[in-house]
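A.B. asks: Just dropping this structure here.
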Amino acid sequence: MKLSYSSLNTYETCPAKYRFQYEDRLSASRSPALAFGDSLHRALQRFHARPVPVAPSLEELWQFLEDEWVSDGYRDEVEERPYRDHARQVLAEYHRQNAHAYRIPAALEFRFEIEVEGVTLTGVIDRLDRLPGGGYEIIDYKTNRRLPPRKVVERDLQLSIYALAAREVWGIEPERLTLYYLLPGERFTTTRSPGRR
10 MKLSYSSLNT YETCPAKYRF QYEDRLSASR SPALAFGDSL HRALQRFHAR
60 PVPVAPSLEE LWQFLEDEWV SDGYRDEVEE RPYRDHARQV LAEYHRQNAH
110 AYRIPAALEF RFEIEVEGVT LTGVIDRLDR LPGGGYEIID YKTNRRLPPR
160 KVVERDLQLS IYALAAREVW GIEPERLTLY YLLPGERFTT TRSPGRR
């Protein structure tokens with residue numbers, strides 16, 4: 010059996026949706042929210058993929074967005090335009106908050122597969138940063154508008170899976186596990202110990 014955080018979350022939210030999507034393999038139509046999130050992820054991957062420790066300019070980041078923009082999911086250009094404008098605003102704030110502390114990530118968009126008690130868990134870690142003190146931080150981008158309560162982040166299954174993957178794949182215990190909510194520009198950072206998942 011092969012599972013990802015997305016499939017587990019889908020099952021917890023709605024078992025019928027899980028059956029349609031993962032067992033019956035019925036394709037879900039893309040939505041503006043999915044296309045918007047995908048576009049931001051792609052632009053940020055380009056932003057952090059630079060092989061020198063100097064941040065691209067805001068204009069370059071906006072060009073990455075144009076190059077990587079996903080139009081599939083919008084009814085027409087009238088619906089798409091405000092999303093594109095909002096994405097530029099989100100990236101401008103991201104650049105303002107992050108360009109000064111830019112560093113080359115240890116890993117970017119890293120796909121993993123690990124075995125846990127006979128089940129294969131898969132996923133993609135958006136970013137792994139090496140911290141100035143020598144530890145590591147896993148960062149996962151979110152495009153939700155609403156921030157979750159702190160206790161939800163502390164118990165977040167996705168971060169637990171990523172911490173387990175970091176141990177299995179790289180042999181490290183990340184010091185920080187961060188959900189970066191791009192729309193409000195807020196980071197929630199937590200930890201996991203080997204005995205706490």
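According to our numbering, the sequence shown is numbered sequentially starting from 10.
Ideal placement from N, C-alpha and C gives every residue a C-beta, glycine not left out.
None of these values were measured; they are calculated from a predicted model.
1) What's the C-alpha gap between V128 and G194?
2) Do the CB positions of P152 and G82 come within less than 8 Å of each other?
3) Rounded C-beta distance between E77 and R55? I'm assuming under 8 Å.
4) Are the CB atoms of L137 and F119 nearer to each other than 8 Å?
5) So, for R154: in the same chain, excluding its five sequence neighbours on each side, which residues have a beta-carbon less than 8 Å away from its beta-carbon?
6) Could you work out which residue in R164, S48 and K160 is closest to E89 when comparing CA atoms only?
7) Mind checking which residues open and close the alpha helix (DSSP H) that includes R51?
8) Would you kindly report the start and end of the unbroken beta strand (DSSP E) that includes Y145?
9) Write down the C-beta distance between D165 and I148 rounded to the nearest angstrom, noting that I regard them as a contact closer than 8 Å.
10) Would you give the residue range spanned by the beta strand (DSSP E) that A64 belongs to?
C.D. replies: Put simply:
1) Numbered from its first residue, the sequence shown carries residue 128 at position 119. Numbered from its first residue, the sequence shown carries residue 194 at position 185. In this structure, the alpha-carbon of V128 lies about 35 Å from that of G194.
2) As a working note, residue 152 is residue 143 in the sequence shown. As a working note, residue 82 is residue 73 in the sequence shown. Per the sequence shown, the amino acid found at residue 152 is Thr instead of Pro. Against a cut-off of 8 Å, the Cβ pair of G82 and T152 comes out as no contact.
3) As a first step, residue 77 is located in the sequence shown; it is residue number 68 there, counting from the start. As a first step, residue 55 is located in the sequence shown; it is residue number 46 there, counting from the start. About 6 Å separates the two Cβ atoms, so the contact holds.
4) Mapped onto the sequence shown, residue 137 falls at position 128. Mapped onto the sequence shown, residue 119 falls at position 110. Contact flag set, yes.
5) Translated into positions along the sequence shown, residue 154 becomes position 145. Taken in chain order, the residues that qualify are L192 and P193.
6) Residue mapping note: residue 89 aligns to position 80 of the sequence shown, counting from 1. Looking only at R164, S48 and K160, the smallest Cα-Cα distance to E89 is reached by S48.
7) Position 42 of the sequence shown, counted from the start, is the residue given in the question as residue 51. Residues P41 to H57.
8) The residue given as residue 145 occupies position 136 in the sequence shown. Run containing Y145: Y145 to K151, per the beta strand (DSSP E) assignment.
9) As a working mapping, residue 165 is identified with position 156 in the sequence shown. As a working mapping, residue 148 is identified with position 139 in the sequence shown. Going by Cβ atoms, the distance from D165 to I148 rounds to 13 Å, so no, they are not a contact pair.
10) Translated into positions along the sequence shown, residue 64 becomes position 55. No beta strand (DSSP E) holds A64; DSSP gives it neither H nor E.
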